[in-house]
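*Asks:* Quick one: structure below, then a few questions.
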Amino acid sequence: MAQHSYWQLFSSVYSKDVTLAFRQRSEIVNPLLFFLIVITLFPLAIGPEPALLARMAPGIIWVAALLSTMLGLDKIFRDDFNDGSLEQLIASPYPLSLSVLAKVSAHWTTTGLPMVIMAPVFALLMNLEAQALGATVLTLLIGTPLLSFIGAIGAALTVGLQKGGILMSLLVLPLYIPVLIFATSAIDTSSMALAYGGQLAILGAMLAIACVCAPIAISSALKVSVS
Amino acid sequence: MWKWLHPYAKAERAYQLCNTLLPYFAVITVVCLAVGWIWGLAYAPADYQQKDSYRIIFIHVPSAILSMGAYSSMAIAAIIALVWQIRNAELAVISIAPVGAAMTAIALITGAAWGKPMWGAWWVWDARLTSELILLFLYFGVLSLYHAFEDKKSAGRAACILAVVGVINLPIIHFSVEWWNTLHQGATITKFDTSAIDPSMLWPLLINIAAFAGFVGVVTLIRLKNEILQCEKHRPWVRELIGRGE
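As they're listed, the protein sequences go chains X and B.
Taking our numbering, the leading residue of the first sequence gets 1, the next gets one more, and so forth.
Taking our numbering, the leading residue of the second sequence gets 1001, the next gets one more, and so forth.
Here it is as structure tokens:
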């Protein structure tokens, strides 16, 4: 068997997942639509006053982002688990954490990145000040990969279960709380025209830690689920 | 230390160890609980401001401390189980989790009961309260993940991984919640130094903390014994034990 470089492994797993997602566009579009609908519900529920909406916007946008990330999480490993390719990845001589990293990156590209791109539109819907737009996009840009990493741990733990979906949200949502706190506080601070670099730095630090530690946790969880 | 520890990886030895330790923990619990509660609830002087209602501290503070203590011991057991693949440590994780969850629930409920007369509200979104609530969610996560698996072996491993992930996140959650709170509300209300307590109240409090620690130990050991027996029920030594009617 020809040896492949780690980069080849990463890119082939990554491109396979991204291609699969683009073949089934609903996987990309549905979380976005869900995001949009959740955001539409809030003005209907709490009233359309622009000031009130602008005050609540960071929280609403981020809670909607958390929930729509949860929608796609189950997909990361479910299909590969069902058709057996997950077992092949585990049995292959390459480090599982690397292919896991590729899968999580593919998941982020297909669910997190569209949210980042659409974020300005959502911010406008919520009457967020123009100066907070940059912070919204930046926090989503740093925060959504973090959500994918943490969420993938939950997905890997529950992939072997028949009804893993609700259980996974129970496991993952408490772990999302720090991301939510720092991201919303960064947007809040920026809408008051203050410097929000500190919150972004903490989010970045959490992303760096997750990048290193989460693939290890995910791969050991996958080994438990598959065995 | 490894040489000293590794016999306890065998279920039978671990079971015997539980049996040896159980009476000590039981004595500590009964004595300290009796002394601590009677002293604390009946003889300790009343607070000058809160009058007698402060006495809930003798239940609230020990359970809050033990809720976090139980989580850290659960995480230590989980790390041991994952690193050295010791099955008994997995069983220990599962034995501690419900006890810790109960302690967290007691701390939250007594806190609410104390908060109503003192702060005028059952629940305040204060940093400590919030992180205690999240701790309860983490316990529930470990428990429900364990019970979701049919196969108890992978259930134990999965619960261990989640416990370790949780313990890495716990300080981050704690500090982020504290920071979130100070951003929005200013100083915390519940912060107090143990040294700021009069010795006549401090001593019963310390005794109560010891009693709760002993109680957690007793319940965990009993649960661990059951888990070991259930997991090893087809082994000859368990059959012998059951045959003897012990």
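Ideal Cβ positions, reconstructed from N, Cα and C, are used throughout, including at glycine.
Using three-state DSSP, classify lysine 1010 of chain B as helix, strand or coil.
*Replies:* The answer is coil: DSSP assigns lysine 1010 of chain B none of H, G, I, E or B.
*Asks:* Keeping to the same chain, check which residues put their C-beta closer than 7 Å to that of glutamine 131 of chain X; ignore five residues upstream and five downstream.
*Replies:* The answer, listed in chain order, is Ser190, Ser191, Ala193.
*Asks:* Do you know whose CA, among B/Ile1086, B/Pro1171, B/Ser1067, lies nearest lysine 1010 of chain B's CA?
*Replies:* Answer by Cα proximity: B/Ile1086.
*Asks:* Using the rule of at least 16 other Cβ atoms within 10 Å of the residue's Cβ for burial, across every protein chain shown, is leucine 41 of chain X buried or exposed?
*Replies:* Exposed.
*Asks:* Is alanine 1148 of chain B close to chain X, meaning its C-beta is less than 9 Å from at least one C-beta of that chain?
*Replies:* So yes, alanine 1148 of chain B belongs to the interface.
*Asks:* Do methionine 1068 of chain B and valine 1093 of chain B come within 9 Å of each other at the CB atom, strictly closer than that value?
*Replies:* Their beta carbons are not under 9 Å apart, which means valine 1093 of chain B does not touch methionine 1068 of chain B by this criterion.
*Asks:* Give me the Cβ distance between glycine 1156 of chain B and glutamate 1090 of chain B, rounded to the nearest whole Å; I'm assuming they're in contact under 8 Å.
*Replies:* That belief holds up - the Cβ atoms of glycine 1156 of chain B and glutamate 1090 of chain B are roughly 3 Å apart, short of 8 Å.
*Asks:* Give, in chain order, every residue of the stretch 213-227 of chain X whose Cβ lies closer than 8 Å to some Cβ of chain B.
*Replies:* Flagged, chain order: Cys213, Ala217, Ser220, Ala221, Val224, Ser225, Ser227.
*Asks:* Among the residues of its own chain, which have a CB less than 7 Å from the CB of alanine 1101 of chain B, if the five just before and after it don't count?
*Replies:* Within the same chain, alanine 1101 of chain B has close Cβ partners Leu1136, Tyr1139, Phe1140, Leu1143.
*Asks:* Which residues of the stretch 1074-1088 of chain B have a Cβ closer than 8 Å to any Cβ of chain X? Give them in chain order.
*Replies:* Cβ contacts with chain X come from Leu1082.
*Asks:* Excluding sequence positions up to five away, which residues of its chain have a Cβ less than 7 Å from the Cβ of alanine 1159 of chain B?
*Replies:* The answer, listed in chain order, is Val1093, Ile1094, Val1142, Leu1145, Tyr1146.
*Asks:* Can you list, in chain order, the residues of its chain whose CB lies under 6 Å from that of arginine 1223 of chain B, leaving out five sequence neighbours each side?
*Replies:* For arginine 1223 of chain B, where only same-chain residues beyond five positions count, the Cβ hits under 6 Å are Ser1095.
*Asks:* Can you pull the chain X neighbours of alanine 1158 of chain B, defined as C-beta to C-beta under 8 Å?
*Replies:* Within chain X, the residues near alanine 1158 of chain B are Leu157, Ala221, Val224, Ser225.
*Asks:* In terms of alpha-carbon separation, which member of X/Leu222, X/Ile46, X/Ile37 lies closest to leucine 101 of chain X?
*Replies:* Among X/Leu222, X/Ile46, X/Ile37, the Cα nearest to that of leucine 101 of chain X is on X/Leu222.
*Asks:* Between leucine 1022 of chain B and the rest of its own chain, which residues show a CB-CB distance below 6 Å, the 5 nearest in sequence each way excluded?
*Replies:* Closer than 6 Å at the Cβ level, and outside the excluded window around leucine 1022 of chain B, lie Leu1221.
*Asks:* CA-CA distance, alanine 1046 of chain B and tryptophan 1037 of chain B?
*Replies:* Taking the straight line from one Cα to the other gives about 14 Å.
*Asks:* One question on the structure: do leucine 1066 of chain B and isoleucine 1209 of chain B come within less than 9 Å of each other, judged by their Cβ atoms?
*Replies:* In this structure, isoleucine 1209 of chain B lies closer than 9 Å to leucine 1066 of chain B by Cβ.
*Asks:* Tell me the DSSP secondary structure of serine 190 of chain X in three-state form.
*Replies:* DSSP places serine 190 of chain X in helix when its eight states are reduced to three.
*Asks:* Does any residue of chain X bring its CB to less than 9 Å from the CB of cysteine 1231 of chain B?
*Replies:* So no, cysteine 1231 of chain B is outside the interface.
*Asks:* Keeping to the same chain, check which residues put their C-beta closer than 8 Å to that of glycine 204 of chain X; ignore five residues upstream and five downstream.
*Replies:* So the qualifying residues of the chain are Ile142.
*Asks:* Can you tell me the Cα-Cα spacing of phenylalanine 182 of chain X and glutamine 199 of chain X, whole angstroms?
*Replies:* One C-alpha to the other measures close to 6 Å.
*Asks:* Where do the N-terminal and C-terminal ends of the alpha helix (DSSP H) with glycine 1111 of chain B fall, by residue?
*Replies:* Residues 1087-1119.
*Asks:* Phenylalanine 1140 of chain B CB to nearest chain X CB: under 9 Å?
*Replies:* Output row for phenylalanine 1140 of chain B: interface = yes.
*Asks:* Measure the alpha-carbon distance for leucine 1017 of chain B versus cysteine 1231 of chain B and round it to whole angstroms.
*Replies:* For leucine 1017 of chain B and cysteine 1231 of chain B, the distance between alpha carbons rounds to 17 Å.
*Asks:* Quick one: give me the first and last residue of the alpha helix (DSSP H) that tryptophan 62 of chain X is part of.
*Replies:* Taken as a continuous stretch (DSSP letters only), the alpha helix (DSSP H) holding tryptophan 62 of chain X covers 50-83.
*Asks:* So tyrosine 50 of chain X packs on asparagine 127 of chain X, CB below 8 Å; how close in whole Å?
*Replies:* Rather than tyrosine, the amino acid found at residue 50 of chain X in this sequence is proline. Going by Cβ atoms, the distance from proline 50 of chain X to asparagine 127 of chain X rounds to 4 Å, so yes, they are a contact pair.
*Asks:* Jot down the residue ranges of each uninterrupted alpha helix (DSSP H) in the stretch 88-118 of chain X, minimum 4 residues, whole runs only, in chain order.
*Replies:* Entirely contained in the stretch 88-118 of chain X, the alpha helix (DSSP H) runs reaching 4 residues are, in chain order, 96-107.
*Asks:* Under a three-way DSSP split, which group does aspartate 1047 of chain B fall into?
*Replies:* The answer is strand: DSSP assigns aspartate 1047 of chain B an E or B state.
*Asks:* Is the beta carbon of valine 1167 of chain B sitting closer than 9 Å to the one on serine 1072 of chain B?
*Replies:* Yes. Within cutoff.
*Asks:* Please say whether leucine 113 of chain X and serine 68 of chain X have beta carbons closer to each other than 9 Å?
*Replies:* No, the Cβ-Cβ distance between serine 68 of chain X and leucine 113 of chain X is not below 9 Å.
*Asks:* Could you compute how far the alpha carbon of aspartate 1052 of chain B sits from the alpha carbon of valine 1177 of chain B?
*Replies:* Those two C-alpha atoms are separated by around 31 Å.
*Asks:* Just to confirm the assignment, what range does the alpha helix (DSSP H) spanning glutamine 1230 of chain B have?
*Replies:* Per DSSP, glutamine 1230 of chain B belongs to the alpha helix (DSSP H) from 1199-1231.
*Asks:* I want to know whether the stretch 162-170 of chain X touches the stretch 213-220 of chain X - three or more CB-CB distances under 8 Å.
*Replies:* Touching, no, given that fewer than three Cβ pairs across the two stretches are closer than 8 Å.
*Asks:* Using beta carbons (cut-off 9 Å, strictly below), is leucine 133 of chain X in contact with chain C?
*Replies:* Among the protein chains of the structure shown, namely X and B, there is no chain C.
*Asks:* Please name the residue, chosen from X/Phe10, X/Glu27, X/Ala135, X/Leu175, that lies closest to proline 58 of chain X on a Cα-to-Cα basis.
*Replies:* With distances taken between Cα atoms, proline 58 of chain X lies closest to X/Ala135.
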